[in-house]
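These notes concern the structure reproduced below.
Numbering (UniProt numbering), first residue to last: 1 to 916.
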């Protein structure tokens with residue numbers, strides 16, 4: 001069987017060649033023009049034809065596959081040699097159809113791949129090489145019919161990969177799906193269709209509105225063009241009639257006479273103007289003198305402007321006419337003649353600038369007449385400038401046409417710029433006010449708002465006195481114009497202060513907080529932020545806040561570095577008389593720089609609080625938390641490094657050792673002072689006081705995180721103070737007991753009283769430091785020493801030569817050592833501490849059990865020990881067993897075997913975790 005699939009633009013052609021001369025074909029419309037009714041009809045036709053031509057073998061008739069699918073049959077054999085081929089021109093494809101495989105994919109009957117992408121049938125072999133025919137003629141785009149031709153396809157182009165979307169056959173695989181999924185699919189498809197329909201309706205409505213608007217504009221344009229055309233026809237008709245009434249020779253003569261008459265009139269007018277020019281200038285001067293005596297009214301202002309405008313036009317006309325000549329002497333003569341006018345114009349311009357600079361004062365004084373006359377003058381000059389600029393543009397772009405009308409243009413010939421000078425005067429009038437505000441602000445940062453009160457008063461005056469009373473032309477929008485000019489000046493004023501090297505952080509903070517107040521006031525005047533132009537400080541609030549925060553942190557770091565340098569110097573010189581330590585009111589050793597540290601933190605916190613910004617305070621407090629944690633680590637490292645010098649010393653040099661112990665005590669006291677709140681006296685510790693001060697300055701969200709930071713710091717202070725006590729005890733064993741500890745459990749141990757000597761030495765330490773060590777640390781110090789003594793005692797089984805011989809009666813010696821230690825523990829002032837220590841030392845019973853147990857009982861003894869102390873280390877047990885005089889390898893193997901069988905429950909850390 002041969003299946004040929006022809007791909008067209010709007011339909012698919014499927015042909016089945018059965019090898020006996022029969023060919024059955026069917027067309028399927030593409031997705032671009034498909035409809036549900038048509039698809040159903042084509043599906044039915046294709047299914048019927050397929051079932052008719054490809055009957056199922058009897059072995060497959062009982063299957064439940066849909067009838068539209070071809071079921072492969074294992075009995076069917078295929079001979080490739082008998083496979084026919086079919087040629088379709090450039091779409092020639094050869095299919096080797098194995099009837100053991102389905103002819104059509106079971107998941108879908110046909111694909112909806114875009115027509116330009118699908119060049120080969122689904123699951124088809126590669127194309128056969130055939131000559132490429134000439135390209136067919138292009139289709140007619142005027143109608144939407146099925147294409148009978150297909151554009152040529154390059155056989156060398158590999159078609160792109162494409163994944164077909166999900167189709168109904170994939171959703172409805174079984175008959176039960178019709179009941180389970182059909183309703184949901186109908187609802188889903190109806191929803192999607194409704195959504196698409198609504199989107200299409202909205203798009204269509206917008207398109208119709210746009211089209212209607214365009215058609216309306218086109219119609220109006222056509223009407224305008226038609227009216228212009230009619231008027232031009234009328235003009236042309238009148239011109240034609242006039243020319244027909246006059247012959248060609250007569251028209252030229254009349255035109256020449258008319259031009260001569262105009263020239264005579266222009267010369268006569270210019271002669272009269274020049275003859276009376278000096279007298280008219282004198283009249284203007286006299287009017288200016290009259291106005292000088294009454295600056296508040298200036299009654300002749302409009303008349304002076306009117307006369308000056310006419311005189312300046314006369315001068316401009318004359319200078320323009322003389323510029324066309326070739327005699328430079330005449331030009332110099334005219335300039336000398338008009339020189340008097342230039343002086344009068346300068347005086348008038350000064351009067352105009354004076355009025356422009358005083359507009360706010362005039363409005364406040366209700367001198368509205370002068371303001372209105374000033375506005376009329378500026379408006380007239382603005383129109384004149386516009387006319388001049390339009391003429392200049394016309395002359396530049398259409399020189400020939402403009403030159404024809406140049407001789408008949410009256411009025412000014414140059415731009416005088418009164419409107420621009422008026423706007424400049426607004427700025428110039430505000431400059432002294434801004435300078436005064438700057439001086440006041442630099443003297444006292446807190447008066448920024450007060451020093452700029454005039455700014456909003458002036459704008460309000462413009463709004464009420466000029467805008468609402470319409471003293472200025474409406475087209476000027478004088479209030480908005482004034483506000484935009486003032487806003488730009490405010491921007492330059494603030495940016496100038498920010499970038500001034502002499503500006504302090506206080507000034508910067510005031511400027512950071514000013515935009516919010518500024519825009520609130522401008523909103524009351526009727527201006528939104530976006531209407532004013534650039535942001536008043538260029539949106540640099542975040543940058544300025546960050547810079548200010550970093551400035552505080554910089555001072556913070558400098559202070560901490562100085563304090564740390566002083567502390568390191570004091571620590572290095574601790575052997576000097578006085579020890580560089582001090583005592584507080586309770587007599588405890590203290591570092592004299594701790595008070596300075598917390599005072600400095602409070603001052604920097606106050607500086608951050610002055611910003612009145614929570615983000616500044618939060619950033620500074622975060623930096624303080626970090627520096628305090630780093631300080632804890634730095635102290636521990638410095639003490640650790642110095643202690644290592646004595647712990648690892650082989651020369652026995654103990655210079656500075658006793659002061660080091662004093663510094664360990666003082667450092668521990670400092671940590672407790674940071675967190676020990678004295679509730680009886682109502683006095684907070686440094687950390688609690690610090691928390692109390694910054695809490696009202698930050699946001700509640702930050703406070704949640706700050707609580708965790710405070711807890712971390714508090715734990716760090718506790719850990720560091722405990723570490724100092726542990727290091728103190730370690731130094732005692734490393735230095736004081738260095739020669740004693742190696743003798744334990746050796747033959748020399750039986751004849752010494754090392755335990756008693758060690759307890760006596762420790763009692764002396766406790767007695768010496770009890771009064772200078774914080775009371776809460778005394779008991780901790782004793783517990784730490786007792787634990788360290790126990791750990792060292794149990795670890796002595798690793799001493800060189802340590803051996804427990806039954807003939808030496810080692811049990812009595814161990815009991816003697818423990819009795820000495822327990823006697824000291826019983827004498828402690830705090831019985832609870834003594835009882836806790838003795839409870840810890842009961843581990844020696846298990847230790848003694850390992851030493852005295854029979855060989856067969858050792859695994860059970862170990863098991864009981866391991867159950868009580870889950871963190872018991874097998875390496876230490878091995879060392880204990882090896883110290884027995886009857887040690888055998890089997891004892892250790894039995895213990896390890898028992899350890900492997902035990903399932904120990906982990907719990908809190910015990911003393912045995914420290915015994916290695």
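Each residue gets a CB set at the ideal place from its N, CA and C atoms; glycine is no exception.
Assign residue i to one of three DSSP states: helix, strand, or coil.
| i | result |
| --- | --- |
| residue 453 | helix |
| residue 905 | coil |
| residue 751 | helix |
| residue 173 | coil |
| residue 761 | helix |
| residue 582 | strand |
| residue 896 | helix |
| residue 599 | helix |
| residue 799 | coil |
| residue 854 | coil |
| residue 915 | coil |
| residue 917 | In the structure as shown, the chain starts at 1 and stops at 916, and residue 917 therefore has no counterpart that could be examined. |
| residue 252 | helix |
| residue 382 | helix |
| residue 841 | helix |
| residue 313 | helix |
| residue 730 | helix |
| residue 609 | helix |
| residue 870 | coil |
| residue 468 | coil |
| residue 413 | coil |
| residue 297 | coil |
| residue 478 | helix |
| residue 910 | coil |
| residue 576 | coil |
| residue 515 | helix |
| residue 320 | helix |
| residue 228 | helix |
| residue 235 | helix |
Could you check how far apart the C-beta atoms of residue i and residue j are, in whole angstroms? I think they sit under 8 angstroms.
| i | j | result |
| --- | --- | --- |
| residue 549 | residue 619 | 4 angstroms |
| residue 786 | residue 825 | 7 angstroms |
| residue 803 | residue 886 | The Cβ separation is near 11 angstroms, so there is no contact. |
| residue 300 | residue 287 | 4 angstroms |
| residue 384 | residue 365 | With 8 angstroms as the limit, residue 384 and residue 365 do not qualify as a contact, their Cβ atoms being about 30 angstroms apart. |
| residue 693 | residue 684 | About 10 angstroms separates the two Cβ atoms, so there is no contact after all. |
| residue 876 | residue 915 | 5 angstroms |
| residue 895 | residue 867 | 14 angstroms between Cβ atoms; not a contact. |
| residue 610 | residue 509 | 7 angstroms |
| residue 645 | residue 716 | 25 angstroms between Cβ atoms; not a contact. |
| residue 922 | residue 671 | Residue 922 cannot be examined here, being either before or after the span of the chain that is shown, 1 to 916. |
Spell out the partners DSSP gives residue i in its beta bridges.
| i | result |
| --- | --- |
| residue 804 | 884 |
| residue 678 | 683 |
| residue 189 | Per DSSP, none; premise fails for residue 189. |
| residue 590 | 582 |
Say whether the stretch 590 to 599 touches the stretch 661 to 676, bearing in mind that this needs 3 or more beta-carbon pairs closer than 8 angstroms, one atom from each stretch.
yes
Say whether the stretch 468 to 486 touches the stretch 375 to 382, bearing in mind that this needs 3 or more beta-carbon pairs closer than 8 angstroms, one atom from each stretch.
yes
Are three or more beta carbon pairs between the stretch 816 to 833 and the stretch 754 to 764 nearer than 8 angstroms?
yes
Using 8 angstroms as the Cβ pair cut-off and three pairs as the minimum, do the stretch 516 to 528 and the stretch 480 to 490 touch?
yes
Pick out the complete alpha helix (DSSP H) segments inside the stretch 771 to 797, 4 residues or longer, and give them in chain order.
775 to 795
Say whether the stretch 291 to 298 touches the stretch 328 to 338, bearing in mind that this needs 3 or more beta-carbon pairs closer than 8 angstroms, one atom from each stretch.
no
Length-filtered (4 minimum) alpha helix (DSSP H) runs lying within the stretch 332 to 373:
339 to 357, 359 to 364
Taking one C-beta from the stretch 828 to 837 and one from the stretch 812 to 820 each time, how about it: are there three or more such pairs within less than 8 angstroms?
no
Should the stretch 766 to 776 be regarded as contacting the stretch 699 to 716, the criterion being three or more beta carbon pairs within less than 8 angstroms?
no
State whether the stretch 794 to 801 contacts the stretch 732 to 740, with contact taken as three or more CB pairs (one from each stretch) at a distance under 8 angstroms.
no
Taking one C-beta from the stretch 490 to 500 and one from the stretch 387 to 396 each time, how about it: are there three or more such pairs within less than 8 angstroms?
no
Within the chosen definition, does the stretch 694 to 705 reach the stretch 744 to 760 through at least 3 CB pairs nearer than 8 angstroms?
no
Are the stretch 446 to 456 and the stretch 429 to 438 touching, with three or more C-beta to C-beta distances below 8 angstroms?
yes
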